Each structure stands twice: as C-alpha cells, then as structure tokens.
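Residue numbers (our numbering): 538 to 962.
This is the structure in structure tokens:
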C-alpha cells in the first residue's frame, strides 16, 4: 500500500490548497433535471461507501422524486456531505510488475446518490452553457465523438495539402491530467457565479483511501485533482483547458478530445512551418505548466505531411518528426494513404477471428454472430468514415475483405446455405 500512498502525497502537495469562500448565489435543480439525469443514469450493481446499489437508486427514484430534488437543492446550497467527498480507490492491475504503481489503473467507487447529483449538475451546465468547453473540444459532448474529432483533424490536414501548403501536426502527452485539476484556476474563469460555487464546492476538500484485497489505507486529503470515475470530471477538465484555443489560434488549428490535443499548422515553406511549430509548441507547453499540468515531452509526437516525399524535421528542442502518428486509435501516415492503419487493424482483428474459432466449439451460431458484429466489426471498422476513402491501395482492401469473410465463415459453419441466406435476406 505504500507506493499508492506515496503517489497521492506527491499529487496533494504539488499545489497549495486554494482557500475558497462561498457566495450566496446558487443554481436551482428541478424534477425535470432529475428525470433528464435518470434517463442516462446506469443502474449498475455496484456500490460506494454507503452500500446503496445504483440500480436501487434508479428503480426507486420515481417514488421519492420530490425528496431527491429537495436533497439535491440542499446540497447545492449548503455543500456536499463529507461522505460524498470520499472516494474508495480500488487499483486494477494492467500489466508488468505488481510492485510498480504505474502498472495499475485506479477505479474509484463513489456513492450512488453523489453520482446522480453529478449527472444533474452535468446536464444543467450543458443546458445553460452549451459551448463552455470551446468549439475545439469533442470529448463527452452531445453530437460529438472521437469520430467527429478525427474528421475535423483529417479535414484540416487534407484541405491544406490540396492547397500545396506545408502541413504538420503535433500532439503532446500530459501526465495524470485529471489528477492535477486546481480549484483556483476555476475561480479565474469567466463563469456564472452560481455554477462557480457548485464547481468549487465539488472540487474542494476531497478525500480518498485505497482498498486492495481486504486491506484499506488511511484517508488522504486531495488538495488538487478530480477523483477517477467521476461523472463530472471530463467536463471540468474541458472547462479547465478552454482558454488553450485562444493561445494556439494565431499559429494553428486545435482539435481536442478530453485530454488529447492535436495542433495542425500550415505554412508556405518547411522553414516557416518549423518556426510556427516551435512557437506554438512552446506556448502550448507554457500554458499547460501555468495551469498546473505536467507535459511529458518524451511522448510528444510530430508528423510532417507530404503526399510525395518524406520530410524529416528536427525541432530546436530535439523533437524529431515521425512517419506515423496515432490519434484517438487511428494511425495518420505522412502520405495520408491509411496503409499503416489498415495493416495494424488487420493484425488486431486477426486475433479476434482466432479467438472466435476457439469459442465456436461451445457457442451457437447466433452468439458467434454477436461476437462478430460487436467485437470484430467494432474493431475492424472503427472510425471508418475517416480512413475508408476511395484511394485506399488495392492490396489493403484485399487484406481487409479477406479478414472480413474469415470472421463470417468462423461464425457460420455452413457457408453455402446459411451464410448466403444471412447476407441476402
């Protein structure tokens, strides 16, 4: 348990705690807000420290709707209860040595009522301030997704290439982005006072403890950061970084999905492009440091796009351009032909087909087809509106089609009859 406690101490002491004084302005939550939040409230069979199942909260909400609304408004007015501020963190091992904290993913168990409260606040903010994150942000917004972010990024690159401009895109990696949210930054943002009160109260005086197996650590104060698993966390991070667009706008085009940001820059010559990228990257990193973020420069990626010849660029800070860059699960190649992405996809999808052949001994055809449509097709054709273009090399098409039919043949044992019936009925 010591290595988890050490990481918490590092994050907690990285910034001084901000002393916040609540004003009298508060927002009002209604039954309509509760009903709207309950529509997307997942009734899972998990609990927080209160021991109340999320499913029970959703199933009984109709009977106690008035009481729930009254409770939520009292919380808005007087602040969150101490028990709602405590997160029970259960580390899940991902890979590597079990003694290394970096090989664990923290999962927080929050109280079911507090999650419903967060969902109501999220819907309220989306209704009153629909563009609060900025137009560049695609993460966790209605009508936006990773696909819309990728389409915007692709469009910015291709349009400038068609104009014979020199184009480069860089991405930066932030360490523990959600864990470093500082409440004092929100105090400086131009937000309505009623919303400001609620957000500051939500972020302040948070606590956590680590539960591993049957052991539990002591409670720790969190002066910075948003608890993992929070419904409101992604929205807070988007608001937190919303001014980044104004910093980058004079130099390039910013596309973001949650904490993943991609800046596309164009210029007349390679030298001008290099100068603009270096300036933009310096401003980008400086802004992140000002708001308390930690930039991992070793993971910063840069690609210079060119449909004809490979162009290598070395920035003054030592960063070298690459031939490929992975953005939100899609591999962008410097010549934009998607060959590398399709090859990577085929390699991953082949594993699903092999597993399906093994499972087919114990599951029926209907279940096998569900595996194909949910697992294989979801992986093979993820974000296909971005990369499935008419100019894909024929060899890449053949590889993708071959694996496609292999998956169907693995699911359907009698391809001469049932497979044809499935495709044409």
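For each residue, glycine too, the CB sits at the ideal point set by N, CA and C.
These numbers were taken from a predicted model, which means no experiment stands behind them.
With 16 or more neighbouring CB atoms inside 10 Å of its own CB, residue 719 falls in the buried class. As DSSP reads the structure, residue 753 sits in a beta bridge with 748. Note that the C-beta distance between residue 705 and residue 842 is below 8 Å. Residue 916 sits close to residue 889, with the two beta carbons spaced by under 8 Å. Of the residues assessed, residue 680 falls on the exposed side of the cut-off, its CB having fewer than 16 other CB atoms within 10 angstroms.
Assignment of beta-bridge partners to residue 838 by DSSP yields 708. In the three-state scheme derived from DSSP, where H, G and I count as helix and E and B as strand, residue 943 is classed as helix.
Taking C-beta separations shorter than 6 Å and ignoring five residues to either side along the sequence, the partners of residue 652 in its chain run 768, following chain order. Look at residue 647 here: in three-state DSSP terms it is coil, with no helix or strand label. Under the DSSP assignment, residue 862 falls in the beta strand (DSSP E) whose first and last residues are 861-864. Taking 8 Å as the cut-off, the Cβ atoms of residue 661 and residue 570 count as close. Three or more beta-carbon pairs separated by less than 8 Å are not found between the region 811-819 and the region 734-750, which leaves the two stretches without contact. For residue 664 and residue 618, the gap between their C-alpha atoms comes out near 25 Å.
Per the Cβ contact rule, the region 771-781 is not in contact with the region 634-652 (fewer than 3 Cβ pairs under 8 Å). In this structure, DSSP gives residue 612 a helical state, which the three-state scheme calls helix. For residue 872, the closest of 928, 893, 837 and 822 by C-alpha to C-alpha distance is 928. Here residue 945 is actually not in contact with residue 908; their C-beta atoms are around 11 Å apart, not less than 8 Å. By the neighbour-count criterion, in which 16 or more other beta carbons inside 10 Å mark a residue as buried, residue 697 falls on the buried side. Scanning its chain for C-beta atoms nearer than 7 Å, with the 5 sequence neighbours on each side dropped, one finds around residue 621 the residues 648 and 651, in chain order.
The three-state reading of DSSP puts residue 732 in helix, counting H, G and I together. Using a 10 angstroms sphere on the CB of residue 898, the tally of other CB atoms stays under 16, which defines it as exposed. In the three-state DSSP reduction, residue 877 falls in the helix class (H, G or I). Judged by their CB atoms, residue 709 and residue 853 are not nearer to each other than the 8 Å cut-off.
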